[in-house]
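Some notes on the structure that comes next.
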Amino acid sequence: MNFDKESFVDLSNSLAECKFSLFGGNIMSFRPKNQNQDVFWMGNLNKFDNVHAIRGGVPVCWPRFAEEKLNDNLPRHGFARLLMWNVDELNVGEDETKALFSLNSDKKYGLDIEAKLFVKVTDKLECVLETVNNGVKTFDFSEALHAYFNVGDKDKIVLKGFEECKYHSSLDGKIYDAFDDLQIKGEFDAAFYNHEKSVKIVDETYKRMITVNKQGSKSTVVWNPNKDLAEMSQGQYRNFVCVEPANQGECFVKLAPKEKHKLVMSVEVAKL
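Written out as C-alpha cells, the structure is:
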C-alpha cells in the first residue's frame with residue numbers, strides 16, 4: 036500500500052497502535068499490544084489517493100447513509116468520507132492518546148452543519164461523532180460509524196446482542212426475527228432498528244471477542260457482501276464483518292437549530 040504520510044496521524048501509545056486518516060476522518064487501524072491481530076480490517080487494494088473513499092477501518096457515513104432518500108442530493112454515504120478533516124487537538128500520553136478532528140459542511144450543498152470526531156486510544160478505543168446544527172432550521176440526517184471488524188473467517192463468527200430483535204434486510208426488503216447468536220452465512224445486509232445494545236463478535240479463529248458498545252445510536256447495521264469488491268484482494272471478503280452503530284432508516288436524527296447530537300462507539304477486545 037502507498038500512503039501519503041501527510042494524510043495520516045499516528046495515535047499510538049504504550050498500550051495500543053492506532054492510525055488515523057485525515058482523508059475521510061477514518062480510523063485506519065487499532066491494535067492493543069496484547070493482541071496479535073488488528074481489530075479493524077482494511078482492503079488491500081485501496082488507492083489511498085485522497086479522492087476515492089477508503090474501504091476498511093471506520094469510515095464516517097455522514098450526513099447521509101447509503102442511498103437513502105433523506106438528503107438524496109448528497110453523495111452515497113454522505114461527503115464526510117470524501118473530504119479532508121482538520122486536526123483541532125492532539126495529545127499523546129504514555130498510555131492514553133486523545134485527538135479531536137473537525138469537518139465543516141461542503142459548501143456546495145448549502146448546509147450549515149459541522150462534524151466533530153473525538154478519538155481516545157488506550158487499550159480500548161472510543162470514538163465520538165458529534166453533529167452541530169449551526170443553521171436556523173431543523174436538520175434531518177442519517178449517520179453511521181461504518182466499522183469493518185477483522186475476523187479470522189466470517190462464516191465462523193457469532194454475533195451476540197440481537198436477542199428479541201427484528202431486522203430489515205436490504206437484500207429482499209423483508210423483516211426477520213433475529214436471535215441472540217447471529218451467524219453470517221452468505222451475503223448479509225441488514226439494519227436492526229431500535230437496537231441500542233452492545234454487540235459481541237465471538238471469533239474462535241482468532242481466539243478473541245470484540246465488544247462494540249454504543250450510545251446515541253438507535254440502529255445497528257450488519258453487513259458482508261460475500262464477495263470481493265474493487266478494493267479487496269482475492270478472498271479478502273471472508274475476513275471482515277461490518278457492525279455499524281448508526282441512526283438511519285426510520286431511526287434518523289432530527290436536530291434542532293443550535294443543537295448537538297453525539298454518536299458514540301467504544302471497542303474493547305478480550306481473549307477467549
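Going by our numbering, the residue at position 47 of the sequence shown is 82; the numbering climbs one at a time, nothing skipped.
The beta-carbon is built from N, C-alpha and C at its ideal position, and this holds for glycine as well.
Legend entry - Coarse secondary structure for Arg-273, derived from DSSP in three states: In the three-state reduction of the DSSP assignment, Arg-273 falls in the helix class.
Inset, instruction - For the beta strand (DSSP E) holding Phe-174, just list the boundary residues, first then last. - result: First-last of the beta strand (DSSP E) with Phe-174: 174–176.
Inset, instruction - Give a yes or no on whether the C-beta atoms belonging to Leu-80 and Thr-157 are separated by under 7 Å. - result: no
Legend entry - Contact the region 138–157 vs the region 44–62: 3+ CB pairs below 8 Å: yes
Inset, instruction - With distances taken Cα to Cα, identify the nearest neighbour of Lys-289 among Ala-150, Phe-223, Lys-172, Lys-142. - result: Lys-172
Inset, instruction - Output yes or no for whether 7 Å exceeds the beta carbon distance between Ser-233 and Gly-196. - result: yes
Legend entry - Coarse secondary structure for Tyr-241, derived from DSSP in three states: coil
Legend entry - Candidates Ile-89, Glu-124, Val-93: closest to Val-19 by CA position: Any question about residue 19 goes unanswered here, given that the chain covers just 36 to 307.
Legend entry - Proximity of Gly-59 and Ile-89 at Cβ, strictly below 7 Å: yes
Inset, instruction - Let me know the alpha helix (DSSP H) ranges lying completely inside the region 63–147, each 4 residues or longer, listed in chain order. - result: none
Legend entry - Met-36 versus Lys-82: straight-line alpha-carbon distance, rounded: Residue placement at Met-36 cannot be trusted, given a pLDDT of 34 that sits under 50; the coordinates are not used to answer.
Inset, instruction - Leaving aside the five residues before and after Glu-124 along the sequence, list all residues of the same chain whose C-beta is less than 8 Å from its C-beta, in chain order. - result: Lys-133, Ala-134, Leu-135
Inset, instruction - Within 10 angstroms of the Cβ of Gln-250, are there 16 or more other Cβ atoms? Answer buried if so, exposed if not. - result: exposed
Inset, instruction - Could you tell me which residues DSSP puts in a beta bridge with Ser-254? - result: Tyr-228, Ala-281
Inset, instruction - Use the C-beta contact count for Pro-292: other C-beta atoms within 10 angstroms, 16 or more gives buried, fewer gives exposed. - result: exposed
Legend entry - Backbone CA spacing between Ala-182 and Ser-64 [nearest angstrom]: 11 Å
Legend entry - Beta carbon of Asn-185 nearer than 7 Å to that of Phe-114: no
Legend entry - Asp-216 versus Asp-45, Tyr-272, Asp-238, residue with shortest Cα-Cα distance: Asp-238
Inset, instruction - To the nearest angstrom, report how far apart Tyr-241 and Gly-145 are at their CA atoms. - result: Tyr-241 and Gly-145: Cα-Cα distance of roughly 46 Å.
Legend entry - Lys-35 burial status per 10 Å Cβ neighbour count (16 or more: buried): In this structure the chain extends from 36 to 307, so residue 35 is not present and cannot be described.
Legend entry - Candidates Leu-117, Trp-258, Leu-109, of which the one nearest Ser-42 by Cα: Leu-117
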